[in-house]
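To start, the structure under review is shown below, and the notes come after it.
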Amino acid sequence: MNIFEEYIKQINSLILKKQQFLKLNNLNNFKGIVVESPPPEFNCDLSCNAALVLAKFNKTNPKELADKIKKLILNDLNDFDKIEIAGPGFLNLKLSNNSLITNINKILENEETYGKKQCSNTYNIEFVSANPTGPMHVGHCRGAVYGDVLANLLKFNGNKVTKEYYINDYGNQIKNFAKSVFLRIREIKYNEKFITKEDLYPGEYIIEISKKIIKSNKKEKFDKFDESIELIKKESLSHSMDLIKLDLKKLGIEHDNFFSETKLISNKLVDKAVNHLKKNNYVQEGYLEPPKGEKDKTWKKTKRLIFKSTLFGDDTDRAMQKDDGSWTYFANDVGYHMDKVNRNFEYLINVLGADHTGYTKRITAAVKALSENKVKLNCKVCQLVKLYKNGKPFKMSKRAGEFISVQDLLKEVDKDSIRFMMLNRSNDVELDFDFDKVLEKSKDNPVFYVQYSFARISSLFRTLNKDLKDKIDLDKKSFSLNENEIKILRKIFEWPKIIETASSKYEPHKIPYYLYELATLFHSYWSKGNEDLNFKFIENGKIKRTETLAIIVLVAIVIQRGMNILGVSLPDKM
RNA sequence: GCGCCUGUAGCUCAACUGGAUAGAGCGCUUGGCUACGGACCAGGAGGUUCUGGGUUCAAAUCCUAGCAGGCGCACCA
């Protein structure tokens, strides 16, 4: 149920019915006409721009048109008490008490699904996909939470969502990773000193993995790297992925599918994808231009397979093969995305870190080519996270430039705060994450502030000895809302719209912002009781007005739905 | 040189995707509350929305030319 959508339908069909009376030649399919919530200073519930939009297409005076529409609405629809024309021709509508009650009851009766937009599409969200050469660092955290909440959001609306992790377990970096483990094993077993080199991974976790491998392979001698490489690769990858999965679990994230790059190669998915593209002439042999900007002396002009991604909006065509004829990383990814397309997803979403900005065009182009434009791939880039402590840039690393791991972060900050704060910004803005702020129990800390409002509500219900799910009967004769309640109710009406834009534009940050605003209105109402005893909710252990109870339950419902989608807990005592 | 992102109050950011007098938090400042749950609430000051041009009833939002910052710009992954 979405109150704006319901009334725009009614208003539009009324206008259609009375098109001649309104002297409108062109309705332009009602494009751009919306009902929304007006700025608070216009004390009304809904606002509609129909006259403004239609006046434009019919070259008439918007205010006069607004006046006609106003009369029609008051005549034909009985949900409204009063309509005012404001500004250039906005219709500001005030709902009657009866329609307020009807709308409140609708929400109370469908509390589990309030805000849900009925959809049934299939989505694949690929996110995190951190290299399996080590544990997750903070940089991965933002994309992880973003992807997870996006999945929750789309699922809430009834879509089928597959959360996927692409494991880059192929290529040179994995070889170096295995080599590092091998050398650590030699170090432990034969006391050979581990020498730090550029390509090798020195981290503590490598030693842990090495120990585990020694333990599970007591007979193995680990004499030559070439002989042990397969065994080491397999086991260390599995240990490494376990570490990552554990981190994710602690953040409340679980993927549905892990897709291995190695399997992609062994199943010849790349060859299949390339052949598919060749048939359409999207891939052919050719030469690439040397990279512009800094001159690279090692550049050689070599004939190779090239994907014509410029046909699909990329800036330059892309190499599918290296000099030695093997596939590039991109070619493998094309194979992977061919598989996604074949699995019949309607929408693909890739959540990437800021360092992959330059990659999005080519893979988006590839999906267009692979699916003949039928499947939409949307690459969402999460900008950097900057860590602060006490307002100062913060580095926990022993050596400069080393990333702070998720484990380190989790030692200081709980999952709820991490999740909420990681979404408290639009994904394409850099995010400052302050360790101290996040731990504060104050208005400074939005997580706390929202949770606190729910704790207050829970406490209220304990005092009343009532349950949030108890039925509420609103009396039509005596029904009236005070100024605070009407403000809150109007905010509650906005919830479905927040869900709608957050999910259709992939902007989950709308939710924390909204919840914070809702919590503010509630805290404000609560405090009114301190100034004026008339505003106290309870008298002699009983609620004074049923209306208040209903409004508070609505707040609880929306905060629960919202925090549920964010994956943040909502304690009833704090 | 090229691409993507960003530029809004002193600071960190919103702005229903083209709507009405551009809003929050922090900081500054004035006051109130001290247990329906205290960790809050109310008010005040603070703006050329980076700059110039354009599109229209209407621009922070769209187009265009610049400026500034960030991230990238392999046959790495």
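Letter 216 of the first sequence, counting from 1, is numbered 215 in numbering that gives the first Met the number 0, and no numbers are missing. Just so you know, even glycine gets a beta-carbon here, dropped at the ideal spot from N, CA and C.
{"Asked": "Tell me the rounded alpha-carbon separation between Ile14 and Lys67.", "Found": "10 Å"}
{"Asked": "Just to confirm, is the Cβ distance from Arg361 to Arg317 under 7 Å?", "Found": "yes"}
{"Asked": "To the nearest angstrom, how far is it from the Cα of Ser98 to the Cα of Gln18?", "Found": "26 Å"}
{"Asked": "Using a 10 Å radius around the Cβ and a threshold of 16 neighbouring Cβ atoms, would you call Asn529 buried or exposed?", "Found": "exposed"}
{"Asked": "Judging by CA-CA distance, which residue of Phe20, Phe89, Ala65 is the nearest neighbour of Ser36?", "Found": "Phe89"}
{"Asked": "What is the rounded straight-line gap between the Cα of Leu459 and the Cα of Leu488?", "Found": "19 Å"}
{"Asked": "So for Ala129, helix, strand or coil by DSSP?", "Found": "coil"}
{"Asked": "First and last residue of the alpha helix (DSSP H) that includes Asn331?", "Found": "328–341"}
{"Asked": "If we require 4 or more residues per run, which alpha helix (DSSP H) segments fall completely within the segment 204–277?", "Found": "224–249, 260–265"}
{"Asked": "In this structure, does DSSP put Lys379 in helix, strand or coil?", "Found": "strand"}
{"Asked": "Measure the Cβ-Cβ separation of Phe497 and Tyr513 and say whether it is below 7 Å.", "Found": "Checking the displayed sequence, the identity of residue 497 turns out to be Ile instead of Phe. Result yes, Cβ atoms of Ile497 and Tyr513 sit closer than 7 Å."}
{"Asked": "Looking at His336 and Ala365, is the spacing between their C-beta atoms short of 7 Å?", "Found": "yes"}
{"Asked": "State the beta-bridge partners of Asp322 as determined by DSSP.", "Found": "DSSP, once it has assigned bridges, lists no residue as partnering Asp322."}
{"Asked": "Are Arg141 and Met573 touching if we call contact CB-CB under 7 Å?", "Found": "no"}
{"Asked": "In chain order, what residues of the same chain have a beta carbon less than 7 Å from the beta carbon of Ser209, not counting five sequence neighbours either side?", "Found": "Val180, Arg183, Ile184, Ile187"}
{"Asked": "Is Ile510 helix, strand or coil by DSSP?", "Found": "helix"}
{"Asked": "Find out if the Cβ-Cβ distance for the pair Asn25, Asn57 is shorter than 7 Å.", "Found": "yes"}
{"Asked": "Rounding to the nearest angstrom, what Cα-Cα distance links Phe221 and Ser259 in this structure?", "Found": "26 Å"}
{"Asked": "Taking the Cβ atom as the reference point for each residue, do Gly146 and Val350 lie within a distance shorter than 7 Å?", "Found": "yes"}
{"Asked": "Could you tell me the distance, in whole angstroms, from the CA atom of Lys223 to the CA atom of Leu230?", "Found": "12 Å"}
{"Asked": "Where do the ends of the alpha helix (DSSP H) carrying Leu408 lie?", "Found": "405–411"}
{"Asked": "Can you tell me whether Lys69 is helix, strand or coil according to DSSP?", "Found": "helix"}
{"Asked": "Assuming the contact rule is C-beta atoms closer than 8 Å, Leu430 and Val374 should be a hit. Round their C-beta distance to whole Å, please.", "Found": "Not really, about 30 Å apart at Cβ, beyond 8 Å."}
{"Asked": "When the Cα of Tyr164 is compared with those of Ala143, Glu108, Ser416, Leu23, which residue comes out closest?", "Found": "Ala143"}
{"Asked": "Report yes if the CB atom of Thr261 is closer than 7 Å to the CB atom of Asp168, and no otherwise.", "Found": "yes"}
{"Asked": "Could you check what DSSP says for Leu565 in three-state terms: helix, strand or coil?", "Found": "helix"}
{"Asked": "Mind pulling the alpha helix (DSSP H) runs of 4 or more residues that sit fully within the segment 130–201?", "Found": "137–155, 171–189"}
{"Asked": "Hey, Val282 and Val273 are a contact pair by Cβ (cut 8 Å); roughly how many whole angstroms apart?", "Found": "6 Å"}
{"Asked": "Who are the Cβ neighbours of Asn130 in its own chain at under 8 Å, not counting the five residues just before and after it?", "Found": "Asn167, Gln172"}
{"Asked": "Round the Cβ separation of Ala368 and Leu250 to the nearest angstrom and send it over; I've been treating them as touching at under 8 Å.", "Found": "About 35 Å; that fails the 8 Å criterion."}
{"Asked": "Taking only the alpha-carbon atoms, compute the straight-line gap between Lys397 and Lys178 and give it to the nearest angstrom.", "Found": "Since pLDDT at Lys397 reaches only 41, below the 50 mark, its modelled position is unreliable, and the value read off the structure follows with that caveat. The straight-line gap from Cα to Cα measures roughly 24 Å."}
{"Asked": "Within this structure, are the beta carbons of Ile510 and Ala501 separated by less than 7 Å?", "Found": "yes"}
{"Asked": "Considering only residues of the same chain and omitting the five flanking positions on each side of Pro61, which have a CB-CB separation below 7 Å?", "Found": "Ala50, Leu51, Ala54, Pro87, Gly88"}
{"Asked": "Would you kindly work out how many angstroms separate the C-alpha atoms of Phe536 and Asp255, rounded to a whole number?", "Found": "46 Å"}
{"Asked": "What would DSSP say about Gln559, mapped onto helix, strand or coil?", "Found": "helix"}
{"Asked": "Counting beta carbon pairs with one atom in the segment 117–128 and one in the segment 151–162, are three or more of them shorter than 8 Å?", "Found": "yes"}
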